[in-house]
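Heads up: the structure comes next, in structure tokens.
Number of protein chains: 2
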Amino acid sequence: MRTSICERLGIEFPLFAFSHCRDVVAAVTNAGGFGVLGAIAYSPEQLDTELTWIDGQVGGRPYGVDVLVPGKVDASALDRQAHLMDFVPERHRDFVTHLLSKYGVSAPIQPLTAAADEFGRRVTAAGATGLIDVALKHPIGLIASALGPPPPEMVARAREAGVPVAALVGTVEHARRQVAAGADLIVAQGTEAGGHTGDISTMVLVPQVVDAVAPVPVLAAGGIASGRQMAAAMALGAEGVWCGSVWLTTEEAETSPAVKRKFLAASSLDTVRSRSRTGKPARQLKSAWTEEWDSGQESPGPLGMPLQLLVAEGAMARIGAAAEKGEPGAVELVNYFVGQVVGQLDQVRPAREVVYDMISEFGEAVERLRLLTGSD
Amino acid sequence: MRTSICERLGIEFPLFAFSHCRDVVAAVTNAGGFGVLGAIAYSPEQLDTELTWIDGQVGGRPYGVDVLVPGKVDASALDRQAHLMDFVPERHRDFVTHLLSKYGVSAPIQPLTAAADEFGRRVTAAGATGLIDVALKHPIGLIASALGPPPPEMVARAREAGVPVAALVGTVEHARRQVAAGADLIVAQGTEAGGHTGDISTMVLVPQVVDAVAPVPVLAAGGIASGRQMAAAMALGAEGVWCGSVWLTTEEAETSPAVKRKFLAASSLDTVRSRSRTGKPARQLKSAWTEEWDSGQESPGPLGMPLQLLVAEGAMARIGAAAEKGEPGAVELVNYFVGQVVGQLDQVRPAREVVYDMISEFGEAVERLRLLTGSD
């Protein structure tokens with residue numbers, strides 16, 4: 001396809017696949033799209049291993065890396081001398097213990113201090129820097145910042161390495177700020193997306209962002225998991241699309257079987273924007289976890305980021321393991337980030353097949369429009 | 001354009017304009033679109049007057065009528081022997097009195113009983129029947145039901161008169177139910193729309209509804225106020241679009257000057273889905289009214305429909321009049337139903353010009369897609 005972003009990045013089809021799973025990233029890149037590895041789950045050493053593996057798979061085809069850099073973090077949690085978990089109030093720990101007990105999750109509650117510190121630091125500006133250093137040692141084609149404007153240091157290093165910087169936004173104001181901060185590519189993400197989102201829908205947000213930041217290219221995100229939706233996004237003025245949820249039910253996905261089953265059964269009414277997993281509003285599957293935190297009588301209310309993320313990740317690791325063993329209470333609690341398109345995901349397919357189906361349906365949608373308007 | 005709905009209704013361009021203003025309905029119909037008059041604001045006699053006026057303007061071109069038929073109404077309020085206002089609890093009346101006083105709205109609080117009864121009954125199934133009777137005496141091309149499945153009697157009468165029935169839905173499940181109830185045309189409305197909406201965005205909802213009710217034609221609603229957005233909606237599989245908000249800042253619109261000024265200044269972040277005006281979640285401009293009802297310390301919480309509608313309409317009539325006089329507290333309170341596209345509306349234009357601009361931009365968007373894909 002002839003969009004500016006295809007030319008700039010040297011790709012056939014402007015379909016960006018955000019995934020925490022290296023197999024998805026490689027499969028999409030090899031199918032003519034552009035895989036972007038979410039680095040949040042990795043330490044710098046692990047990230048290096050993952051990227052080395054991808055390099056071996058994609059034969060020089062371009063792929064990217066996404067780091068989560070929040071604009072605002074709880075400053076008290078940034079003190080490197082302290083343990084992050086020490087900042088989690090007693091009643092929040094108690095509430096998690098209560099939840100696990102109420103739902104009969106059998107796994108023991110162990111102290112999480114060291115792992116939590118490591119994990120929590122990664123979502124700070126300082127922590128992200130370590131990941132960026134590793135990423136730029138690999139032949140990546142894009143580095144993305146999922147939250148807040150990219151730190152000046154990240155932009156400077158990417159520039160030096162000749163790697164374009166992409167930034168996710170949910171408002172026109174943020175898009176302008178990101179471009180001012182040096183973003184080369186804006187991902188305008190509607191409220192229907194999985195993960196951290198704003199209030200404005202993709203249909204409304206994308207044209208406004210396109211007009212506000214032109215000639216900077218814009219990718220559309222949120223509500224896109226089919227070729228028709230991709231064609232719609234491009235009709236709005238986007239140069240391509242950024243998809244996350246659609247990969248979560250692919251064969252390659254890291255999604256645990258219990259969560260995958262819940263995704264396949266869910267309708268588009270089964271997601272909620274909740275602060276219960278990260279401390280910021282993030283769209284995810286509704287589950288007993290979101291219900292208990294958001295409207296449970298005993299809920300102390302979620303903490304900010306990164307503390308809520310620590311609390312939730314620690315608990316979810318146990319819940320996920322118990323759900324895999326088939327414990328019914330754990331199955332009620334377990335969830336994951338996903339957009340409203342979850343209602344469209346009803347079968348497990350290889351990621352490559354998803355790409356090819358989207359390309360094919362995209363072509364049909366454009367052809368249908370052409371015939372409707374009689375421009376032949 | 002060659003969509004099935006254009007052929008069925010005999011229109012050039014599948015752009016449906018929902019408006020409470022006869023001038024907008026006539027202007028859009030005369031420009032090649034399809035105007036639909038919202039009948040909720042009228043008594044049967046007034047509706048007859050409005051439709052007679054439209055008949056005189058459109059020279060036989062087709063237009064439609066929309067009635068608000070809620071699926072569920074508070075049964076206790078349906079007793080024709082009682083005054084609807086008698087069902088409004090004292091503390092809700094007191095809260096309105098308090099609000100008007102707090103914001104210095106000068107208009108006196110008068111009993112609303114008779115007008116409220118008349119107004120409230122119109123949004124019941126029985127009340128809607130009177131409007132439907134009147135509508136079917138005019139040469140209308142469509143009758144629409146904005147809430148809940150169309151009553152069997154409405155479908156039967158419309159069938160007899162050869163008039164297609166359209167129904168607005170916010171979920172796939174409701175779409176299936178509407179088709180089973182006899183709807184000839186489904187309007188799939190995303191959460192970003194103004195007025196009563198569900199949770200699912202247009203981008204996600206439309207393709208699912210199209211697939212679920214095929215071959216019944218689907219119009220897309222919510223987030224559509226430009227030709228690019230119309231092209232996106234058609235790429236999703238819609239046969240046309242249903243727009244409401246975009247007409248509210250036209251020259252012809254009935255929107256009061258104070259509200260129009262607020263709309264022109266608003267961004268897409270300035271709407272909220274609130275139960276404070278009708279008792280059901282309806283997207284509208286954020287204002288002191290929505291803030292006070294939804295999160296004010298003294299708020300008793302909104303009532304159901306139609307009681308909250310009575311309370312709100314009675315108060316808003318006074319607030320609107322005071323806002324027109326420039327009373328600052330009234331300007332803070334005043335609002336109206338509008339979708340997230342309000343952020344795009346920044347000038348007052350004739351409705352005809354809006355239609356022509358949408359047609360023109362639609363063509364450009366389709367042409368851009370054609371060039372991107374190289375299908376030339």
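These protein sequences, in sequence, are chains A and B. Heads up, the first sequence is in UniProt numbering, so the first residue is 1 and it goes up one at a time. Heads up, the second sequence is in UniProt numbering, so the first residue is 1 and it goes up one at a time. Idealized CB from N, CA, C, for every residue including glycine.
Short Cβ contact (8 Å threshold) for residue i with residue j
i	j	result
B:A183	B:A161	no
B:V331	B:A266	no
residue 383 of chain B	B:E239	Residue 383 of chain B lies beyond the residue range present for chain B, which begins at 1 and ends at 376; the question has no answer from this structure.
A:F16	A:G38	no
A:G304	A:G329	no
B:A181	B:V213	no
A:L248	A:V338	yes
B:T271	B:Q178	no
B:R283	B:T197	yes
B:S287	B:V334	yes
B:G222	B:A193	yes
A:F18	A:G244	yes
B:F95	B:S274	no
B:V163	A:R370	no
B:V24	B:T255	no
B:P89	B:G141	no
Contact set between residue i and chain A, taken where Cβ atoms lie within less than 8 Å
i	result
residue 377 of chain B	Residue coverage of chain B in this structure runs from 1 to 376, which leaves residue 377 of chain B outside it and unanswerable.
B:E364	Per Cβ cutoff of 8 Å: no residues; B:E364 is ~10 Å from chain A at best.
Top-ranked residue by Cα proximity to residue i, from the options
i	options	result
B:I359	B:E90, B:I224, B:L147	B:I224
B:G343	B:R277, B:R352, B:K260, B:L369	B:K260
B:A41	B:Y103, B:A351, B:G314, B:P350	B:G314
A:L47	A:D133, A:R370, A:N30	A:D133
A:E353	A:E252, A:P300, A:Q284	A:E252
A:T202	A:G190, A:H196, A:V210, A:D211	A:G190
A:R157	A:G130, A:G60, A:P207, A:T97	A:G130
A:P306	A:G326, A:G222, A:L84	A:L84
B:A188	B:G227, B:S145, B:S226	B:S145
A:D199	A:V25, A:V172, A:P150, A:I186	A:V172
residue 380 of chain B	B:G64, B:A26, B:L68	There is simply no residue 380 of chain B to check, as chain B begins at 1 and stops at 376 in what is shown.
A:V58	A:A31, A:D66, A:V67, A:L68	A:A31
B:L99	B:L372, B:G35, B:S276	B:S276
B:D66	B:K102, B:A135, B:L310	B:A135
A:D346	A:V246, A:D357, A:V36, A:I319	A:V246
B:I319	B:H138, B:S106, B:R93	B:S106
B:C21	B:R93, B:Q297, B:W242, B:V36	B:V36
Where residue i sits in the DSSP three-state scheme
i	result
B:S76	Because B:S76 sits at a pLDDT of 49, beneath the cut-off of 50, its placement in the model cannot be relied upon, and the following sentence gives the value as read from the coordinates. B:S76 falls in the helix class under three-state DSSP.
A:L168	strand
A:T250	strand
B:I319	helix
A:H92	helix
B:D66	strand
B:Q347	coil
A:G104	coil
A:S19	strand
A:T271	strand
A:R8	helix
A:A39	coil
A:R228	helix
B:D376	Bear in mind that a pLDDT of 48 at B:D376, under 50, signals an unreliable position, so the number given afterwards is only what the model happens to contain. Correct three-state label for B:D376: coil.
A:L285	strand
A:I143	strand
A:Q189	strand
Beta-carbon neighbours of residue i, restricted to chain A and to distances below 9 Å
i	result
B:P207	S226, R228, Q229, A232, Q344
B:S268	T171, V172, D199, I200, S201, V204, L205, Q208
Where residue i meets chain A, residues with beta-carbon distance less than 7 Å
i	result
B:G374	R2
B:G237	R228
B:R93	Near B:R93 there are no residues of chain A at all, since even the closest Cβ is about 29 Å away, more than 7 Å.
B:G223	S201, M203, V204
B:L100	Ordered by position in chain A, no residue passes the 7 Å Cβ test against B:L100, which lies about 29 Å from the chain.
Cross-chain neighbours of residue i in chain B, by beta carbon under 7 Å
i	result
A:E192	S201, M203, V204
A:L369	A231, M234, A235, V366, L369
Contact set between residue i and chain B, taken where Cβ atoms lie within less than 8 Å
i	result
A:G10	Within 8 Å Cβ-Cβ: nothing; A:G10 doesn't reach chain B, min ~17 Å.
What ranges does the alpha helix (DSSP H) occupy inside the region 198 to 222 of chain B, keeping only unbroken runs of at least 4 residues that lie completely in it? The DSSP assignment places 202 to 213 as complete runs of the alpha helix (DSSP H) inside the region 198 to 222 of chain B, in order along the chain (cut-off: 4 residues).
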